[in-house]
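Novice: Could you have a look at this structure, given as structure tokens, before my questions?
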Amino acid sequence: MSSHPTKALLPIGSFAREARLSRKALRLYDALGLLTPAFVDDLSGYRYYASEQVGRAKLIGLLRQLGMPLPRIADLLDLTSERAAKAVAAYWSEVEQDHTAKRQLASYLENFLQGKDGNMFDIKTRSVAQRHVVTLTKAVYVKDLGAFIDSAHRDLYSLVARCGARAGETSFVIYHGGVNDDGDGPVEVCVPFEGEIDARGDARTRIEPAHTEVYTTLTKGRTVFPGILEAYDAVHAYTERHGLRRRAAPREVYFASGSEIGDDDPFCDVAWPVE
Numbered sequence: 014m015s016s017h018p019t020k021a022l023l024p025i026g027s028f029a030r031e032a033r034l035s036r037k038a039l040r041l042y043d044a045l046g047l048l049t050p051a052f053v054d055d056l057s058g059y060r061y062y063a064s065e066q067v068g069r070a071k072l073i074g075l076l077r078q079l080g081m082p083l084p085r086i087a088d089l090l091d092l093t094s095e096r097a098a099k100a101v102a103a104y105w106s107e108v109e110q111d112h113t114a115k116r117q118l119a120s121y122l123e124n125f126l127q128g129k130d131g132n133m134f135d136i137k138t139r140s141v142a143q144r145h146v147v148t149l150t151k152a153v154y155v156k157d158l159g160a161f162i163d164s165a166h167r168d169l170y171s172l173v174a175r176c177g178a179r180a181g182e183t184s185f186v187i188y189h190g191g192v193n194d195d196g197d198g199p200v201e202v203c204v205p206f207e208g209e210i211d212a213r214g215d216a217r218t219r220i221e222p223a224h225t226e227v228y229t230t231l232t233k234g235r236t237v238f239p240g241i242l243e244a245y246d247a248v249h250a251y252t253e254r255h256g257l258r259r260r261a262a263p264r265e266v267y268f269a270s271g272s273e274i275g276d277d278d279p280f281c282d283v284a285w286p287v288e
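In the numbering used here, the protein residues as written are 14 to 288.
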């Protein structure tokens, strides 16, 4: 006569104590397919687990203590030990980068709320001639901003080259609206050119009017969010102090490749067209 299937298994209460998890957590992990009971009683619905599942349960619990989202844990559980370790390292690197950005944002907010000018900026004005530009515009949140700017630059410069036109020495990115966790711009990446361009798909050509702009130059290291906000504040404050009317959206003018320079090298201008 065969033994009852639960004889060698751990009831959910005992398993929860072994794995140092709550019953609620175990039920959630079951519903998400992260940790399925070895046996579920058809009549009572009571869950039973194998002792071999304790290690997996503890791993899930530790990853949750690390703050890893459940969908990401699901992907990690199917990896080899070596790849899983690399996945944990990659996740924690992202957490540290996010923490650094938030610490900098908190510092910026402290200065902003106290009306302090945390950094000095050399503000200048210049005249910009009328130019033909080819552009790509997209509604994008801050988490995807860098990737969009990079891909748009690649696509636009490639288009200019294919058409036999000549790209200008700089490019610029116009922020037609706020870009953050709640605002998605839109953002317009612009490459000035000379010649003829057959713009297709999402690319557009237009004339950028001549204008005067107030600007300040930043090194690559100072363009990292949220530090770059201080530059925008400084340019904005300059226009207020000098009674200048801001006539178009602010922009970042790029004159160097980020992959080819160091953090202390000049990288871009934060500019605002005025009149």
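Positions of the beta carbon are idealized from the N, C-alpha and C atoms, including for glycine.
In this text the structure is predicted, and so the values were computed from the model without any measurement.
(1) Could you give the distance in angstroms between the alpha-carbon of Thr-225 and the alpha-carbon of Ala-142?
(2) Three or more C-beta pairs closer than 8 Å, one from the region 49–56 and one from the region 79–95: is that the case here?
(3) In chain order, what residues of the same chain lie with their CB nearer than 8 Å to the CB of Gly-131, ignoring the 5 residues before and after it?
(4) Have a look at the DSSP bridge pairing and note the partners of Trp-285.
(5) Going along the chain, which residues of its own chain have a beta-carbon closer than 6 Å to the beta-carbon of Lys-71, five neighbours each way excluded?
(6) Of the choices Trp-285, Leu-22, Ala-223, Gly-198, whose alpha-carbon is the least far from that of Lys-291?
(7) So, with DSSP's three-state summary, where would you put Pro-84?
(8) Which residues in the same chain as Val-173 place their Cβ atom closer than 7 Å to its Cβ, once the five residues preceding and following it in sequence are excluded?
(9) Check Ile-162 in the structure and name its three-state DSSP category.
(10) Measure the C-alpha to C-alpha separation of Gln-110 and Tyr-245 and round it to an integer number of angstroms.
(11) Given Ile-162, which residues of its chain have a CB within under 8 Å of its CB, disregarding the five upstream and five downstream residues?
(12) Count the other C-beta atoms from every protein chain shown that fall within 10 angstroms of the C-beta of Trp-285, then say buried if there are 16 or more, exposed otherwise.
(13) With burial defined as no fewer than 16 other Cβ atoms inside 10 Å of the residue's Cβ, what is the status of Val-108: buried or exposed?
(14) When DSSP labels each residue in this structure, what does Ala-262 get in the three-state scheme?
(15) So, is Arg-60 buried or exposed, given that buried needs 16 or more other C-beta atoms within 10 angstroms?
(16) Within the continuous alpha helix (DSSP H) that includes Phe-28, where are the two ends?
(17) What residues in its chain sit with their C-beta under 6 Å from that of Ala-223, if we drop five residues either side in the sequence?
(18) Under a three-way DSSP split, which group does Val-67 fall into?
(19) Rank Arg-85, Arg-219, Ala-114 by C-alpha distance to the C-alpha of Ala-42 and give the top, closest one.
Specialist: Once the coordinates are examined:
(1) 9 Å
(2) no
(3) Because the pLDDT at Gly-131 is just 49, under 50, the model does not fix this residue reliably, and the value given afterwards should be weighed accordingly. Correct list, in chain order: Ser-120, Tyr-121, Asn-124, Glu-243.
(4) Val-227
(5) Ala-32
(6) The displayed coordinates of the chain run from 14 to 288. Any statement about residue 291 would go beyond what the structure contains.
(7) helix
(8) Val-147, Ala-180, Val-204, Phe-206, Ile-210
(9) helix
(10) 22 Å
(11) Val-186, Val-200, Val-202
(12) buried
(13) exposed
(14) coil
(15) buried
(16) 25–32
(17) Ala-142, Gln-143
(18) helix
(19) The sequence given here places Tyr at residue 42; Ala does not occur at that position. Ranking Arg-85, Arg-219, Ala-114 by Cα distance to Tyr-42 puts Arg-85 first.
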